[in-house]
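Colleague:
Numbering (this note's numbering), first residue to last: 4 to 191.
1) Which of helix, strand or coil does DSSP assign to residue 93?
2) Give a yes or no on whether the C-beta atoms belonging to residue 97 and residue 88 are separated by under 8 Å.
3) What three-state label does DSSP hand residue 11 in the structure shown?
4) The beta strand (DSSP E) with residue 173 in it runs from where to where?
5) Measure the beta-carbon distance from residue 122 to residue 142 and round it to whole angstroms, keeping in mind my assumption that it falls under 8 Å.
6) In the DSSP assignment, the beta strand (DSSP E) including residue 158 goes from what residue to what residue?
7) State whether the stretch 52 to 61 contacts the stretch 73 to 81, with contact taken as three or more CB pairs (one from each stretch) at a distance under 8 Å.
8) In chain order, what residues of the same chain have a beta carbon less than 6 Å from the beta carbon of residue 104, not counting five sequence neighbours either side?
9) Quick check for students: name the residue ranges of the beta strand (DSSP E) that lie wholly in the stretch 49 to 96, counting only runs of 3 or more.
10) Tell me whether residue 151 is buried or exposed, calling it buried when 16 or more other Cβ atoms sit within 10 Å of its Cβ.
11) Please state whether DSSP places residue 135 in a helix, a strand or coil.
12) Decide if residue 131 is buried, meaning its Cβ has at least 16 other Cβ atoms within 10 Å, or exposed.
13) Could you give the distance in angstroms between the alpha-carbon of residue 174 and the alpha-carbon of residue 46?
14) Go through its chain and collect everything with a Cβ distance to residue 102's Cβ below 7 Å, but skip five positions before and after it.
15) Could you check where the beta strand (DSSP E) with residue 117 kicks off and where it finishes?
16) Can you tell which of 63, 91, 113 has its C-alpha closest to the C-alpha of residue 145?
17) Taking C-beta to C-beta, are residue 51 and residue 163 nearer than 8 Å?
18) Do residue 179 and residue 149 come within 8 Å of each other at the CB atom, strictly closer than that value?
19) Distance check for residue 147 and residue 203, CA to CA, integer angstroms please.
20) Grab me the residues of residue 177's own chain with a C-beta within less than 6 Å of its C-beta, minus the 5 sequence neighbours each way, in chain order.
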């Protein structure tokens, strides 16, 4: 039993370490490319809504997916922002969780946001069952930033149980995001 748990933790560590290293290196490399005035003002918190295609790659249980996310403006370790998310697909799969994201700015308009979040999973059927109540969502979003800081983006997500279950089918979603800044007072 102990060796099985250690094996699964080892597998999860193999996923997290490269992502963490990538995020740190990318942040230091791109520190000089932040949007003008970004460090003085900071970005506001966001309410993000998204819709797209669930299980678009494997096509075992396709359906429309809808998401609602709250993205905090607070930073942990001066890098990562916490967020909370809920998602539901019309094929009966649901997710509720939260994690950390990192906004990487390319010039004034473009934002690339990698994120990682554990989610509670409910639903599933004989076509696609993700086989464990704990799923990990990794996501990469590319967004265009408007003058009022609203964002319109495209994201690719992967849900996986990190081999915690007997089977790890995983699935992908492609999503169109609209992020509304909750602080619309731009004159601060």
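Positions of the beta carbon are idealized from the N, C-alpha and C atoms, including for glycine. Fair warning: this is a prediction, and the values are worked out from it, not measured in the lab.
Modeller: Here's the rundown:
1) The answer is coil: DSSP assigns residue 93 none of H, G, I, E or B.
2) Going by C-beta atoms, residue 97 is not nearer than 8 Å to residue 88.
3) For residue 11, the pLDDT reaches just 48, beneath the cut-off of 50, and the residue's location in the model is therefore unreliable, leaving the point undetermined.
4) In the DSSP assignment, residue 173 falls outside any beta strand (DSSP E) and carries neither an H nor an E.
5) With a Cβ gap of about 11 Å, residue 122 and residue 142 do not count as contacting.
6) First-last of the beta strand (DSSP E) with residue 158: 154 to 163.
7) No, they do not touch.
8) For residue 104, the CB contacts under 6 Å within the same chain, skipping 5 residues up- and downstream, are 84, 86, 116, 118 in chain order.
9) The qualifying runs are 49 to 57, 66 to 74, 84 to 92.
10) So residue 151 ends up on the exposed side.
11) When DSSP states are grouped into helix, strand and coil, residue 135 belongs to the coil group.
12) Result: buried.
13) Here the alpha carbon of residue 174 sits roughly 31 Å from the alpha carbon of residue 46.
14) Counting only residues of its own chain and dropping the five nearest sequence neighbours on each side, residue 102 has a CB closer than 7 Å to the CB of 86, 118, 119, 120, 121.
15) Where residue 117 is concerned, the enclosing beta strand (DSSP E) stretches over 113 to 126.
16) Taking the Cα of residue 145 as reference, the smallest distance to any Cα among 63, 91, 113 is reached at 113.
17) Taking the C-beta atoms as reference points, residue 163 is found no nearer than 8 Å to residue 51.
18) Against a cut-off of 8 Å, the Cβ pair of residue 179 and residue 149 comes out as no contact.
19) The question about residue 203 has no answer here: the residues shown for the chain are numbered 4 through 191.
20) Same-chain partners within the cutoff: 55, 56, 59, 159.
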